[in-house]
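A.B. asks:
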Amino acid sequence: MSTFRVCFCFRRRFKIREAEPPQDIIDLFNQYSENGTMGIDHLHRFLLEFQREKNATKENAEAIFHSLKHLNVFHRKGGLHLNAFFRYLLSDHNPPIPPSPQVHHDMNAPLAHYYLYTGHNSYLTGNQLSSDCSSEPIKKALAKGVRVIELDLWPNATGDKVEVCHGGTLTTPVGLMKCLHATKDYAFVISDYPVVITFEDHLTPALQAKVAKMVSKTFGEMLHLPESESLAEFPSPESLKKKIMISTKPPKEYLETQDSMEETTQQEEAEEGEAEPNEDGVKAPEYKKLIAIHAGKPKGGVQSWLRTDLNKVRRLSLSEQELEAISRSHGTEIVRFTQKNLLRIYPKGARFDSSNYNPLLGWMHGAQMVALNMQGYGKYLWIMQGMFRANGGCGYIKKPDFLLNRSEIFNPGANLPVKKTLKVKLYMGDGWHLDFPHTHFDLYSPPDFFTKVGIVGVPADTTTKRSRAIEDDWVPVWNEEFHFSLTVPELAVLRIEVQEYDTSGKHDFGGQTCLPVSELREGIRAVSLFSRKGNRYKSVKLLMHFEFFDFDASM
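For what it's worth, full-length UniProt numbering labels the leading residue of the sequence shown as 1, then goes sequentially.
1) Answer with buried or exposed for Gly429, where buried requires no fewer than 16 other C-beta atoms within 10 angstroms of its C-beta.
2) Would you give the residue range spanned by the alpha helix (DSSP H) that Val83 belongs to?
3) Should the stretch 448-465 be called in touch with the stretch 392-402, which here means at least 3 C-beta pairs below 8 Å?
4) Give the secondary structure of Ala295 by DSSP, where H, G and I count as helix, E and B as strand, and everything else as coil.
5) If we count Cβ pairs, one from each stretch, closer than 8 Å, do we get three or more for the stretch 333-342 versus the stretch 305-315?
6) With H, G and I counted as helix, E and B as strand and the rest as coil, what does DSSP make of Cys165?
7) Mapping the DSSP letters down to three states, classify Val313 as helix, strand or coil.
8) Given that a residue counts as buried once 16 or more other Cβ atoms are within 10 Å of its Cβ, and exposed if not, what is Gln321?
9) Under 8 Å, with one C-beta from each stretch per pair, do the stretch 221-237 and the stretch 136-144 reach the 3-pair mark?
10) For Phe549, count neighbouring C-beta atoms within 10 Å of its own C-beta (all shown protein chains included) and say buried if the count is 16 or more, exposed if not.
11) So if DSSP puts Glu480 in a beta bridge, which residue, or which two residues, is it bridged to?
12) Note down the Cα distance separating His113 from Ser236, rounded to an integer number of angstroms.
13) Helix, strand or coil: which one does DSSP assign to Arg45?
14) Output needed for Ala19: all residues of its chain with C-beta closer than 6 Å, excluding positions within five of it in sequence on either side, in chain order.
15) Helix, strand or coil, according to DSSP, for Lys420 in the structure here?
16) Going by DSSP, what residues sit across from Met245 in a beta bridge?
17) Could you pull the DSSP bridge partners for Ala526 from this structure?
18) Just the Cα atoms here: how many angstroms apart are Ser354 and Thr125?
19) What residue does the alpha helix (DSSP H) around Gly386 start on, and which one ends it?
20) Nearest to Phe509 by CA position, among Ile197, Arg406 and Gly378, is which residue?
21) Should Gly386 and Asn356 be called a contact, given that it needs their Cβ atoms to be closer than 8 Å?
22) Buried or exposed for Glu59, please, with buried defined as at least 16 other CB atoms from any protein chain shown within 10 angstroms of its CB.
23) Would you call the stretch 482-494 in contact with the stretch 419-427, where contact means no fewer than 3 C-beta pairs closer than 8 Å?
24) Near Val370, what residues of its chain come up, given a Cβ to Cβ distance below 7 Å and the 5 sequence neighbours on each side ignored?
25) Starting from Asp24, trace the alpha helix (DSSP H) in both directions and tell me its first and last residue.
26) For Gln258, collect the residues of the same chain with a Cβ closer than 8 Å to its Cβ; drop the 5 residues on either side in sequence, then sort them by chain order.
27) CB-CB under 8 Å to Lys541, same chain, minus the five flanking residues each way: which ones, in chain order?
28) With a threshold of 16 other CB atoms inside 10 Å of the CB of Gly220, please say whether the residue is buried or exposed.
29) Does the beta-carbon of Ser329 have 16 or more other beta-carbons within 10 angstroms, so that it is buried, or is it exposed?
30) Using a 10 Å radius around the Cβ and a threshold of 16 neighbouring Cβ atoms, would you call His66 buried or exposed?
31) Cutting at 6 Å between CB atoms, please list the residues of its own chain near Ile246, excluding the five before and the five after it.
32) In or out: Leu310 buried (at least 16 other Cβ within 10 Å) or exposed?
33) Can you grab the Cα-Cα spacing for the pair His438 / Phe234, in whole Å?
34) Taking C-alpha atoms, which residue in Gln128, His181 and Ile190 lies nearest to Ser100?
35) For the candidate residues Gly349, Thr308 and Val302, whose alpha-carbon lies nearest to that of Ser327?
36) Under a Cβ-count criterion, where at least 16 other Cβ atoms within 10 Å of its own Cβ denotes burial, should Ala295 be classed as buried or exposed?
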């Protein structure tokens, strides 16, 4: 029972009702049970037929039974009764995507064939101008599966040591060794697949030599050292397990006649990791040997940037603005470039508040390293987090085959036919009264929840739909259906956000999640919601039904 103050002398009391199974669940239970009891054989048949888990075994059904024992929900005859079946459907044992860690993509292709979970300015705790630099954001990012860490290297005030900071701002620096040790300690906590450290290098050759010693000493055998300066193809994630790779631009003194490797703007120069001129004549060959992924932006404009060398792979960095501009006229060339080389996209310099941009434009053009600010909470980071829940959350996702087809280059701007329709039924939600104070949403009454359900993907697929608001109910029941036509389901992300209705239009946040459509499990699933910062709520879940149809069979 919850009590809400209406005025100084009057209070209203609302009873928080228990979640009850919707009619569809009751009908399913009756279909897959006998005499009010669902046994292991019944549950196995339900998994195969309705949930469409084609590889489900009787042992899987037995495991579900075993997982429910501690709840004391079994019928006296030994099977599940209706409420036990309902509690299973709304439990963590029934997730909407395969549970982690289940890496199931082919991990033996070259690195360029994968999307990498990529961070930007990984050392910043807040905004880009005045926040602290620390090793803690690096630890947090790696602990969430991020595989690409970015460090800006600058000389300290006396010029004899290396600091990590956002140059030309009021950010307080952190020592490079702290960042390297944080990377070493947390690199493989979540995933065994390689971690890439991109250096923005503003150092003299003497300091580069110091960095080489620090990196080599810290990582030891974990450090991947390339066999050759010029690789015809990147190695595979599988061959690089438990390895750390350094990516930056080669020092200027080694470029000699390569005058093309110059930056066009100061910001791009910083993002590409341009080395400082060799003022003191000291060379740092040890530093050059560390570079496993060479970065650079050739002189000569877009055609030169996107030129592919059959005998040498490299990494190119573009700002979000540059990508947006050149994708209008060079979309297929970008896709072709990313079939062999790595493309990194970074936020525009005006994002002082560490906000983010839509990562889909980069992904649909094959960009492997779409870098976002991990401290920039909001829908674009949620989309990134949702996308990389795929493939067991290992931080690497195999790009769709159509982005790797060299005989027919994918055109991101083309009008494409609908491949599939996704039907989503939103049944109900539960758990807010357990995870939130009873006056969190409204001082005077229980919350009025509504849900936004949408697709983020290529422009033709992107849309958002909304349920009605359910008044004064901690356990809202919507029973609403939504249909989504998908032209490129491989790149679609299902975005779900619950809000609490407010007449002012400033609705309160009630939880969110993003799910890769390519990994959605059909059937009725328990969808856990996450906070603004991407932390999973302990109890808040939605009960939803997912079903795919070929386009000609839908609606």
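Quick reminder that beta carbons are idealized off the backbone N, C-alpha and C, glycines included.
C.D. replies: Let me spell this out:
1) By 1-based counting over the sequence shown, the position of residue 429 is 429. Label assigned to Gly429: buried.
2) Here residue 83 refers to the residue found at position 83 of the sequence shown. For the record, residue 83 in the displayed sequence is Asn; it is not Val. It spans Leu82 to Leu89 - the alpha helix (DSSP H) in which Asn83 sits, taken as one unbroken run.
3) no
4) Here residue 295 refers to the residue found at position 295 of the sequence shown. If DSSP states are grouped into helix, strand and coil, Ala295 belongs with the strands.
5) yes
6) For the purposes of this step, residue 165 is taken as the residue at position 165 of the sequence shown. In this structure, Cys165 counts as coil in the three-state DSSP scheme.
7) Taking the first residue of the sequence shown as position 1, residue 313 is located at position 313. Note: Val313 maps to coil in three-state DSSP.
8) As a position in the sequence shown, residue 321 is number 321, starting the count at 1. Counting Cβ neighbours within 10 Å, Gln321 comes out exposed, since fewer than 16 surround it.
9) no
10) Residue mapping note: residue 549 aligns to position 549 of the sequence shown, counting from 1. By the 10 Å Cβ count, Phe549 comes out exposed.
11) Taking the sequence shown and counting its residues from 1, one reaches residue 480 at position 480. DSSP output for Glu480 lists Leu426 as bridge partner(s).
12) Position 113 of the sequence shown, counted from the first residue, corresponds to residue 113. Position 236 of the sequence shown, counted from the first residue, corresponds to residue 236. The straight-line gap from Cα to Cα measures roughly 9 Å.
13) Within the sequence shown, numbered from 1, the residue matching residue 45 stands at position 45. Helix, per DSSP.
14) On the sequence shown, position 19 is the one that residue 19 refers to. Asp430 and Val475, listed in sequence order.
15) Taking the first residue of the sequence shown as position 1, residue 420 is located at position 420. Strand.
16) Within the sequence shown, the letter at position 245 stands for residue 245. In DSSP, Met245 forms a bridge with Val196.
17) Position 526 of the sequence shown holds residue 526. Answer is Leu543, bridged to Ala526.
18) Taking the sequence shown and counting its residues from 1, the one referred to as residue 354 is at position 354. Taking the sequence shown and counting its residues from 1, the one referred to as residue 125 is at position 125. Cα-Cα distance, rounded: 10 Å.
19) For the purposes of this step, residue 386 is identified with residue 386 of the sequence shown, where counting begins at 1. Where Gly386 is concerned, the enclosing alpha helix (DSSP H) stretches over Lys379 to Met387.
20) Here residue 509 corresponds to residue number 509 of the sequence shown, with the count starting at 1. Minimum Cα distance to Phe509 is reached at Gly378.
21) Working through the sequence shown from its first residue, we reach residue 386 at position 386. Working through the sequence shown from its first residue, we reach residue 356 at position 356. No, the Cβ-Cβ distance between Gly386 and Asn356 is not below 8 Å.
22) Walking along the sequence shown from the start, residue 59 turns up at place 59. Answer is exposed; the Cβ neighbour count stays below 16.
23) yes
24) Reading the sequence shown from its first residue, position 370 is the one you call residue 370. Once the five neighbours on either side are set aside, the close Cβ partners of Val370 are Thr118, Ile345, Pro359, Gly362 and Trp363.
25) Start at 1 with the first residue of the sequence shown, and residue 24 comes out as number 24. That run of the alpha helix (DSSP H) goes Gln23 to Gln31.
26) Within the sequence shown, numbered from 1, the residue matching residue 258 stands at position 258. Low per-residue confidence applies at Gln258: pLDDT is 35, beneath 50, and the placement is therefore not dependable, though the value from the model is reported in the following sentence. Nothing meets the Cβ criterion.
27) In the sequence shown, residue 541 corresponds to position 541, counting from 1. Leu90, Gly429, Asp430, Gly431, Ala526, Val527, Ser528 and Leu529.
28) Position 220 of the sequence shown, counted from the start, is the residue given in the question as residue 220. Gly220 should be labelled exposed.
29) Walking along the sequence shown from the start, residue 329 turns up at place 329. So Ser329 counts as exposed.
30) Taking the first residue of the sequence shown as 1, we reach residue 66 at position 66. It is exposed - the Cβ of His66 has fewer than 16 other Cβ atoms within 10 Å.
31) Counting from 1 along the sequence shown, the entry for residue 246 is found at position 246. For Ile246, where only same-chain residues beyond five positions count, the Cβ hits under 6 Å are Ile197, Leu290, Ile291 and Ala292.
32) Taking the first residue of the sequence shown as 1, we reach residue 310 at position 310. Its Cβ having fewer than 16 others within 10 Å, Leu310 is exposed.
33) Taking the first residue of the sequence shown as position 1, residue 438 is located at position 438. Taking the first residue of the sequence shown as position 1, residue 234 is located at position 234. Cα to Cα, the separation comes out at about 54 Å.
34) Residue 100 sits at position 100 when you count from the first residue of the sequence shown. Considering only alpha carbons, the answer is Ile190.
35) Reading the sequence shown from its first residue, position 327 is the one you call residue 327. If we check each option's Cα against that of Ser327, Val302 comes out closest.
36) As a working mapping, residue 295 is identified with position 295 in the sequence shown. Result: buried.
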